[in-house]
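K.L.:
Handing you a structure now.
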Amino acid sequence: MSHPSPESLRREAAAQLAALRNRTLTPKDRLTIPPQPMPSREPTERIHDVQEVALGYSPEQARLEALRCLQCKNAPCINGCPVRINIPAFLKAIAEERDAEAIAIIRQTSLLPAVCGRVCPQEIQCQERCTVGKALKDVRKAVSIGRLERFVADVERESGRFQPPPTKPETGRRVAVIGSGPAGITVAADVRREGHTVTLFEALHKPGGVLVYGIPEFRLPKAIVELEIETLRAMGVDIRPNFLVGRTRRLEALLHDDGYDAAFIGAGAGLPRFLDIEGENLVGVFSANEYLTRANLMRAYNREQADTPIYPGRNVIVVGGGNVAMDAARMALRLGAKEVHLVYRRTEAEMPARIEEIEHAKEEGVQFHVLHAPRRVIGNAAGRVTGLECIRCRLGEPDDSGRPRPVEIPGSEYILEAETLIVAIGNEPNPLLPQTTTGLKADRRGRLLVDPVTNQTSLPRVYAGGDVVLGSATVILAMGQGRQAAAAINAFLAELPPRKA
Amino acid sequence: MHRILEKQQLADEVFLLRVEAPLIARERKAGQFVMVQADTRFGERIPLTIADANPSEGSITLIFQTVGKTTHHLATLNVGDAIPAILGPLGRPTHIETFGTAVAVGGGIGIAPLHPIIQALKAAGNRLIVILGARTRNLLILEDQMARLADELIVCTDDGSYGRKALVTEPLREVCTRVPAPDFCVAIGPPIMMKACAETTRPFRIPTVVSLNTIMVDGTGMCGGCRVTVGGKTRFVCVDGPEFDGHQVDFDNMMLRLRAYKEQEDAAHHQCHLELELARLERKPSA
Ligand SMILES: Cc1cc2nc3c(=O)[nH]c(=O)nc-3n(C[C@H](O)[C@H](O)[C@H](O)COP(=O)(O)OP(=O)(O)OC[C@H]3O[C@@H](n4cnc5c(N)ncnc54)[C@H](O)[C@@H]3O)c2cc1C
Ligand code: FES
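Chains A and B are the protein sequences, given in the same order. FYI, in our numbering the residues of the first sequence are 1012 to 1512. FYI, in our numbering the residues of the second sequence are 712 to 998.
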């Protein structure tokens, strides 16, 4: 498949914009403006490196796309946004070439627009509710709110105009933030803004959480995450990498001995689930977390310089249908796999991955095997993977999650050959903190129990949010919970008498 | 940054570094380890056991054999240099109890992680029989320290260049047949040695703990690269271990998994030896 070049998309948009200039647009006019495709790199070229695939709108495309917004009075899109960004207002600002204003509107509620514009599942959030998509009877024809969010965030970043938000005078109150993913970043910024002292503890050597170790460069350039971390530093947040709370220091010790007034747990859901089938500890079977961590955090894609090796595999099978599975499959191609097979128990309609990732994966040549379930990993005498036995399925009655349950078709087993098997069937929170903190309560799947309004845990002064509460969720939900928890922490600290730093 | 306070070469290819790490020194317990990174841009993260710690000085002691890129690099560092990233203490501490008589077996570099465990067993009032094994005399480490802690010390070498010419399982079997038999066994060393020790104690039903050193990436439970099969279940060495019931561990699978990157590692190892040699040559004139 070949993509129109960014330049031809820009020229086309410019011509259409010129035709619309000085006209008052009726809703009907707006509905006839063609949806603007995302300029993307050619699949045949991009699978040889890890550089970003989606290139971003030109200003002309952005203006034209923003003009498609009908400015609905009831703004259904806002209700679809977990952090309720004033979407019609920022789209109007873009259409009228007031980009600085557009980003300011987004920043009232969102802290990570350059990230969310790239990775949010817009088609099940704001864009699902969009009237334009409904009118055109295709959610893919909704206004591309996410791409426009990305556009203004990139304009701001590339202009160098972004300034760290001001912080209030020091209160002397201290907050420990555990984990530096989107939830932790949000809390650190919001609490620091109020003048409290913030220490951000991160177990890994590089802050950023999943944004750094999980989501690959080709989808989210690490420079964007680094800028967010730099912003925290500029605000005076003390970042402590290589610090595993629970082991390097227990949470109770931070609160009772080290003088922290409150703590926020944003430790994510980092514990990979395995399939629990025969042969899954054979050499060549990896969790997606391991595969992606080696590739991203440890930079194994850079074979010249990185010390961390990546297991060679000509044929790679990925099990799963979420973003993690797509990322692993696409990374495998970039690391030299000749064939990548994706095995998923249900159909494409049930896949939790973003539509764009599914499309990109297919364009790049990932072969989809839907309605196929893994049964057993097959290995050779040296204990290395040689294939995966699968069985075909059909869709049955809905299960607890409301999705149709896959039902195996007896006798339909077959073997898919591969040297590498990557398991991407989900993650759970790491049990370390509940195990090492007396009274910190979690549910059966390890998710911390919190108050729905304040995000306070079962312990006083301890709050939590993001994947550690929700299980594997999304960046925007992690950020939303972080905001909520930070507001509660700030309110709690405001009640305490001020203290000199 | 963790400054190096002391460096020693204990044997061919075996080095000791005492480094500043006050937080880890304060919290660590016997049996725990750290993840070390010699370069935070492209460097790998490797697990090393904490061989000793001094909380008042704020230091920990690491003992390692030069087997990969990072350990070779660490071997080129000197007092005053620094290690950029050390994460820990990781893993569950050894379960220490007053068992009665404990037999502790250390093979090769495994003698280093055994040291803090023996300290703790001794402090808990156990009678200690220590069996040390090495391929050859100049690969034997920490003999003096062990002699100070042990009630009985048996040393063997594969080639007979020092102590008994035997594999550690030979004296271990003899100890197991004594009356009364030891109440507890801990064995740390190469996987094949741990497997043999577990098989030796199994007929005697002596509880046997082994400490596994698998491939690790993060060391915090995030990747599952360190997983092993114990009693038919998948366990993560970095968070559920590193110590497990030796009678339950699937050593064969573990040994296969340890060789996953053999080809890449062999190529890197050759390169590392050359680099270490170069560093040595470059230092000579000034020394
Ligand atoms: C490969 C992949 C692709 C994804 N793609 C998308 C996507 O396209 N869109 C989307 O919205 N979401 C996506 N997600 C999900 C999204 O990344 C997560 O929902 C989000 O990052 C959760 O944020 P968090 O702050 O709760 O935790 P995380 O981002 O997981 O960060 C937690 C951090 O805490 C650290 N930590 C854990 N325990 C401790 C401790 N005891 N002490 C100190 N530090 C600790 C961890 O090392 C980690 O860095 C993806 C996830 C993965 C793995
Ligand atoms: S080293 Fe990654 S889970 Fe143990």
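Idealized CB from N, CA, C, for every residue including glycine. Model, not experiment: these values are computed from the prediction.
Does any C-beta atom of chain A lie closer than 8 Å to the C-beta of S997 of chain B?
P.N.:
Note that S997 of chain B has pLDDT 40, beneath the 50 cutoff, so the model's placement of it is unreliable and no number is given.
K.L.:
Using a threshold of 7 Å, is the CB atom of S1483 of chain A nearer than that to any non-hydrogen atom of ligand 1?
P.N.:
Result yes, Cβ under 7 Å from ligand 1.
K.L.:
State the beta-bridge partners of A1475 of chain A as determined by DSSP.
P.N.:
Looking at the DSSP assignment, A1475 of chain A forms a beta bridge with A:I1276.
K.L.:
For chain B, find out if any of its Cβ atoms is closer than 8 Å to the Cβ of E1301 of chain A; answer yes or no.
P.N.:
Answer yes: the Cβ-Cβ gap between E1301 of chain A and chain B drops below 8 Å somewhere.
K.L.:
My parser needs the beta strand (DSSP E) runs of 3 or more residues fully inside the segment 795-823 of chain B; what are they?
P.N.:
Entirely contained in the segment 795-823 of chain B, the beta strand (DSSP E) runs reaching 3 residues are, in chain order, 796-801 and 812-818.
K.L.:
Do A813 of chain B and L832 of chain B have their CB atoms nearer than 8 Å?
P.N.:
Against a cut-off of 8 Å, the Cβ pair of L832 of chain B and A813 of chain B comes out as a contact.
K.L.:
Give a single yes or no on whether I1487 of chain A has its beta carbon closer than 7 Å to a heavy atom of ligand 1.
P.N.:
Yes, the beta carbon of I1487 of chain A sits closer than 7 Å to at least one heavy atom of ligand 1.
K.L.:
Between V747 of chain B and I757 of chain B, how many whole angstroms is the CB-CB distance? I'm expecting something under 8 Å.
P.N.:
Contact holds; Cβ gap of about 6 Å.
K.L.:
So, helix, strand or coil for S770 of chain B, using DSSP?
P.N.:
The answer is strand: DSSP assigns S770 of chain B an E or B state.
K.L.:
Considering only heavy atoms of ligand 1, does any lie closer than 7 Å to the CB of C937 of chain B?
P.N.:
Because no heavy atom of ligand 1 lies under 7 Å away, the Cβ of C937 of chain B does not count as near it: no.
K.L.:
Name the chain A residues that come within less than 9 Å of L798 of chain B, Cβ to Cβ?
P.N.:
The answer, in chain order, is A1214, L1215, H1216, P1252, N1253, F1254, L1255, R1258 and T1259.
K.L.:
Mind checking whether the beta-carbon of V960 of chain B lies closer than 7 Å to any heavy atom of ligand 2?
P.N.:
V960 of chain B: no, Cβ never under 7 Å from ligand 2.
K.L.:
If you check the beta carbons only, do G1128 of chain A and R1158 of chain A fall under 8 Å apart?
P.N.:
Their beta carbons are under 8 Å apart, which means G1128 of chain A touches R1158 of chain A by this criterion.
K.L.:
Within 10 Å of its beta-carbon, does M1362 of chain A have 16 or more other beta-carbons around it, so buried, or fewer, so exposed?
P.N.:
Buried, by the Cβ-count rule.
K.L.:
Should D1269 of chain A be flagged as near chain B, meaning a C-beta pair shorter than 8 Å?
P.N.:
No, no contact with chain B.
K.L.:
Less than 7 Å between the CB of R1365 of chain A and some heavy atom of ligand 1, yes or no?
P.N.:
It does: the Cβ of R1365 of chain A is within 7 Å (strictly closer) of some heavy atom of ligand 1.
K.L.:
List the whole-angstrom C-beta distance separating D862 of chain B from R838 of chain B, where the pair is believed to meet the contact cut-off of C-beta under 8 Å.
P.N.:
Right, the Cβ-Cβ distance comes to about 5 Å (below 8 Å), so this counts as a contact.
K.L.:
Pull up the CB-CB distance for V1126 of chain A and I1240 of chain A, whole angstroms please, since I reckon it's below 8 Å.
P.N.:
About 12 Å separates the two Cβ atoms, so there is no contact after all.
K.L.:
Tell me which same chain residues have a C-beta within less than 7 Å of the C-beta of A1497 of chain A, skipping the five on either side of it?
P.N.:
The answer, listed in chain order, is T1197, V1198, D1201 and V1202.
K.L.:
Kindly list, in the order they appear in chain B, the residues whose Cβ is closer than 9 Å to that of M1309 of chain A.
P.N.:
Neighbours of M1309 of chain A on chain B, chain order: F753, G754, E755, R756 and V928.
K.L.:
Is P1045 of chain A helix, strand or coil when you go by DSSP?
P.N.:
It is coil, neither helix nor strand.
K.L.:
Are any of the Cβ atoms in chain A nearer than 8 Å to that of C887 of chain B?
P.N.:
Answer no: the Cβ-Cβ gap between C887 of chain B and chain A never drops below 8 Å.
K.L.:
What does a CB cutoff of less than 6 Å around S1298 of chain A pick up in its chain, not counting 5 residues either side in sequence?
P.N.:
Taken in chain order, the residues that qualify are P1283 and V1434.
K.L.:
Counting only the same chain and skipping the five closest in sequence on each side, list residues whose C-beta sits under 7 Å from that of E724 of chain B.
P.N.:
Closer than 7 Å at the Cβ level, and outside the excluded window around E724 of chain B, lie Q776 and T777.
K.L.:
Per DSSP, which residues does E717 of chain B bridge with? Please list them.
P.N.:
Note: E717 of chain B sits in a beta bridge opposite B:R729.
K.L.:
So what's Q1174 of chain A in DSSP terms, helix, strand or just coil?
P.N.:
In the structure shown, Q1174 of chain A sits in coil (DSSP, three-state: anything other than H, G, I, E or B).
K.L.:
Among A:L1470, A:Q1119, A:A1360 and A:V1464, whose alpha-carbon lies nearest the alpha-carbon of A1453 of chain A?
P.N.:
That would be A:L1470, whose Cα lies nearest to the Cα of A1453 of chain A.
K.L.:
With a threshold of 16 other CB atoms inside 10 Å of the CB of V1327 of chain A, please say whether the residue is buried or exposed.
P.N.:
Buried.
K.L.:
Our contact map puts E1420 of chain A next to E1400 of chain A with C-beta atoms below 8 Å; I'd like the distance itself, whole angstroms only.
P.N.:
The residue asked about is misnamed: residue 1420 of chain A is Ile in this sequence, not Glu. So it is not a contact: roughly 14 Å between Cβ atoms.
K.L.:
Report the residue from A:E1368, A:A1384, A:P1124 and A:P1385 whose alpha carbon sits nearest the alpha carbon of V1377 of chain A.
P.N.:
That would be A:E1368, whose Cα lies nearest to the Cα of V1377 of chain A.
K.L.:
For the alpha helix (DSSP H) that T1449 of chain A lies in, which residues bound it at each end?
P.N.:
Neither: T1449 of chain A is in no alpha helix (DSSP H) and is coded neither H nor E.
K.L.:
Looking at chain A, is there any beta carbon in it that lies within less than 8 Å of the beta carbon of K906 of chain B?
P.N.:
For K906 of chain B, the answer is no, since every Cβ of chain A falls outside 8 Å of its Cβ.
K.L.:
Which stretch, first to last residue, makes up the beta strand (DSSP E) that contains Q1138 of chain A?
P.N.:
Here Q1138 of chain A belongs to no beta strand (DSSP E); instead the alpha helix (DSSP H) covers C1137 to R1140.
K.L.:
For A1077 of chain A, collect the residues of the same chain with a Cβ closer than 7 Å to its Cβ; drop the 5 residues on either side in sequence, then sort them by chain order.
P.N.:
Only L1102, I1105, A1106 and L1159 meet the Cβ criterion.
K.L.:
Just to check my reading of the structure: A909 of chain B and Q830 of chain B have Cβ atoms closer than 8 Å, yes? What is that Cβ distance to the nearest angstrom?
P.N.:
Not quite, the Cβ-Cβ distance comes to about 23 Å (not below 8 Å), so this is no contact.
K.L.:
Which of the three DSSP states is assigned to F947 of chain B in this structure?
P.N.:
Strand at F947 of chain B.
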